[in-house]
Each structure stands twice: as structure tokens, then as C-alpha cells.
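Worksheet: the structure to be examined is printed underneath.
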Amino acid sequence: MSQVRIIEVGLRDGLQNEKTMLSVGTRLELARLLAEAGSRDLEIGAFVSPQWVPQMAGSRELILQVLEERELKSSPFRRTELSALVPNRRGLDDALSTGIERVAIFASATEAFSKKNINCSVKESLVRYADVVSEARRHKKTVRGYLSMCFGCPFEGKVAPAKVVRLAEKLIEMGCDEVSIGDTIGIADPKQVKALIRSLISAVGRRHLAMHFHDTRGTALANILASLDLGITSFDTSIGGLGGCPYAPAATGNVATEDVVYMLHRMGVKTGLKLDKLIEANHFATTKMGRELSSKVGRAGLPRLIPV
Numbered sequence: 271m272s273q274v275r276i277i278e279v280g281l282r283d284g285l286q287n288e289k290t291m292l293s294v295g296t297r298l299e300l301a302r303l304l305a306e307a308g309s310r311d312l313e314i315g316a317f318v319s320p321q322w323v324p325q326m327a328g329s330r331e332l333i334l335q336v337l338e339e340r341e342l343k344s345s346p347f348r349r350t351e352l353s354a355l356v357p358n359r360r361g362l363d364d365a366l367s368t369g370i371e372r373v374a375i376f377a378s379a380t381e382a383f384s385k386k387n388i389n390c391s392v393k394e395s396l397v398r399y400a401d402v403v404s405e406a407r408r409h410k411k412t413v414r415g416y417l418s419m420c421f422g423c424p425f426e427g428k429v430a431p432a433k434v435v436r437l438a439e440k441l442i443e444m445g446c447d448e449v450s451i452g453d454t455i456g457i458a459d460p461k462q463v464k465a466l467i468r469s470l471i472s473a474v475g476r477r478h479l480a481m482h483f484h485d486t487r488g489t490a491l492a493n494i495l496a497s498l499d500l501g502i503t504s505f506d507t508s509i510g511g512l513g514g515c516p517y518a519p520a521a522t523g524n525v526a527t528e529d530v531v532y533m534l535h536r537m538g539v540k541t542g543l544k545l546d547k548l549i550e551a552n553h554f555a556t557t558k559m560g561r562e563l564s565s566k567v568g569r570a571g572l573p574r575l576i577p578v
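According to the working numbering, the residues represented by the sequence shown are 271 to 578, in order.
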């Protein structure tokens with residue numbers, strides 16, 4: 271494996287579960303720092319009700335500011351593709367009005383979490399998203415599908431791999447160009463990861479798959495290595511390890527971008543990201559969040575004589 275794609279989700283999935291509220295201006299500055307670090311896939315916000323996810327208030331304003339800056343020759347956003355989460359047709363319409371090029375939808379592999387998270391059954395969510403995806407594709411937008419609770423659920427326990435595969439197939443048939451397979455509560459182990467990925471590859475192929483690991487129990491890097499062994503090259507990460515899920519008990523932060531990039535660079539795998547710049551972004555986020563973030567590299571920094 272010589273090249274890996276990193277999807278930075280800190281500004282959405284990372285911030286949505288944080289108690290500290292960041293202003294649009296602060297999120298814009300963090301987005302700039304991430305773009306300067308080389309982030310080319312940046313999930314920047316969500317068109318959800320601020321009543322339920324107040325951390326995402328101002329996503330429209332933020333996206334418009336980034337898109338305006340991207341027109342400048344000196345902008346760090348010149349090569350950055352933006353995406354935003356949309357829960358329904360109204361959210362999609364709001365996203366389309368900004369001119370953003372990519373949207374994401376989110377489904378669950380378990381009924382209990384689907385009802386907790388989006389207040390409908392899995393089947394009902396797929397019916398809802400069919401219209402959303404169709405309309406997004408009609409507007410020439412690419413669509414990413416998140417599939418949560420793929421390795422275990424705090425409400426239902428074990429999740430059958432066959433169910434995850436079936437839902438991934440449905441999302442791709444619907445028109446999603448990529449499905450992000452989520453270990454939402456950080457429960458997976460490398461053996462389990464490999465078994466599920468093999469089944470997914472047989473059903474939908476590698477090119478449609480990304481992996482989304484939370485580091486709740488310290489297994490995220492091991493699970494990424496297991497995924498790499500099977501040829502997966504797209505991974506969701508969050509600066510500083512920000513994040514979690516507001517609707518899943520004990521779901522702590524995503525795997526930290528800088529920890530993943532450090533590991534990959536040491537292995538000779540390219541990401542297009544600059545570790546020193548990621549650490550700058552980490553320090554900025556740490557200051558604004560008012561607490562030390564979970565990233566190991568963010569705390570320790572880079573060892574001497576190691577290229578960044």
C-alpha cells in the first residue's frame with residue numbers, strides 16, 4: 271500500500287458531541303489550518319436542526335465562507351473538496367443552495383440506534399434517503415453513505431455481518447458512491463474487522479468502502495492496519511481525536527488524524543498530509559476546546575530526525 275486517502279471529519283463528526291461550542295469564525299480558522307496541512311476531503315458541517323445538534327449551527331455560513339475563499343489564488347482551500355451531512359430532503363435542499371459538491375447521509379445497522387439517532391426504523395430511513403440521493407445525483411453531487419453500528423450496538427449487542435453487507439449493498443444501489451463502515455462505539459477488533467471487510471469486498475468491491483473507527487478502547491490503529499492488509503485505502507479521522515456520538519452511550523472520540531498519519535508515514539505510506547501542520551491544528555483546537563485532546567502525537571509532538 272503506497273497511498274491512503276484520509277477523510278477529515280473533525281469539523282462535523284468531531285465537534286457534534288463536544289460540549290464546547292465553537293463559533294463559525296473559529297471553525298473557519300480550524301478548517302484553514304486543516305487545509306494548510308493538506309486535507310483534501312473535509313467534512314465541514316451538517317444541515318441538521320440546531321435544536322438537536324447545536325454544535326452544527328452556522329454550517330451554511332461556514333460553507334459559504336470557505337467556498338468564497340476557495341476562489342482566491344492564495345487560498346488553502348483551492349484543492350479541498352467539502353462535504354456536509356444531510357438528514358432529509360430539507361437538509362439536502364439547504365446544502366444544495368450553498369453549491370457544496372458532496373453530501374452525506376447516515377443510516378444504522380441496528381433498529382434501536384436508528385430510532386435513537388434519526389427517530390425512524392432502518393427501512394424507513396432507506397426510503398427517506400432514496401429520494402435524497404436521487405435528487406443529489408440529479409444535481410451532479412456525489413453522495414457518501416455512513417453506516418453506523420457495524421461491529422456492535424450498545425442497545426442490541428452483536429450485529430450480524432450479513433446485515434451490514436446487505437445495508438451497504440442497498441446504499442450503493444441507491445446511488446452512494448462510497449459507504450463508510452462505522453465502529454461507532456469503538457468495540458471492534460482486527461479479526462472482526464477483517465472478517466467483515468472480506469464479506470463487504472465480495473459483495474460490493476473495495477472502491478466503494480471507507481472505514482470509520484472510534485478509539486474508545488484503543489483498537490482503532492490496529493483496526494486500520496487490519497483494513498490496510500485487505501486493500502482498504504480510505505479512512506475517516508478527526509483532528510485531535512475529537513468526537514463521539516451524542517446518541518450512543520460511551521462512544522468517545524474518533525481516531526486522531528495525526529496519530530493515523532504518523533503511523534502511516536513511518537510505514538512509508540503517503541497521505542498527502544503534513545504532520546507538523548496537523549499538530550498546529552491540534553494545538554489550535556486544544557486551545558479553543560479548553561482541554562487536552564486525546565491524540566498521542568498531538569501531546570508528544572514529533573521525534574527528532576523524523577521527516578514530516
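Backbone N, C-alpha and C define an ideal beta-carbon position, used for all residues, glycine too.
Classify residue i as buried or exposed, calling it buried when 16 or more other Cβ atoms lie within 10 Å of its own Cβ.
i	result
Thr486	buried
Leu342	exposed
His580	Because the chain spans 271 through 578 in this model, residue 580 falls outside it and cannot be assessed.
Thr557	exposed
Met481	buried
Pro424	buried
Arg414	buried
Ser319	exposed
Thr454	buried
Taking the alpha helix (DSSP H) that residue i falls in, what are its first and last residues?
i	result
Arg468	Pro460 to Val474
Glu439	Pro431 to Met444
Thr412	Where Thr412 is concerned, there is no enclosing alpha helix (DSSP H), although the beta strand (DSSP E) it sits in stretches over Thr412 to Ser418.
His553	Leu545 to Met559
Ser395	Val392 to Arg408
Ala492	Ala490 to Asp499
Under a three-way DSSP split, which group does residue i fall into?
i	result
Phe483	strand
Ala374	strand
Lys385	helix
Asp447	coil
Gly427	strand
Ala526	strand
Gly510	helix
Gly568	helix
Ends of the beta strand (DSSP E) at residue i?
i	result
Phe505	Ser504 to Thr507
On the premise that residue j lies in contact with residue i, defined as a C-beta separation below 8 Å, what is that separation, rounded to the nearest angstrom?
i	j	result
Leu303	Phe554	6 Å
Leu441	Ala377	7 Å
Asp311	Ile276	7 Å
*Would you list, in sequence order, the uninterrupted alpha helix (DSSP H) runs of no fewer than 4 residues that lie entirely inside the region 275 to 360?*
Those alpha helix (DSSP H) runs which fall completely within the region 275 to 360 and span 4+ residues are 294 to 306 and 329 to 340.
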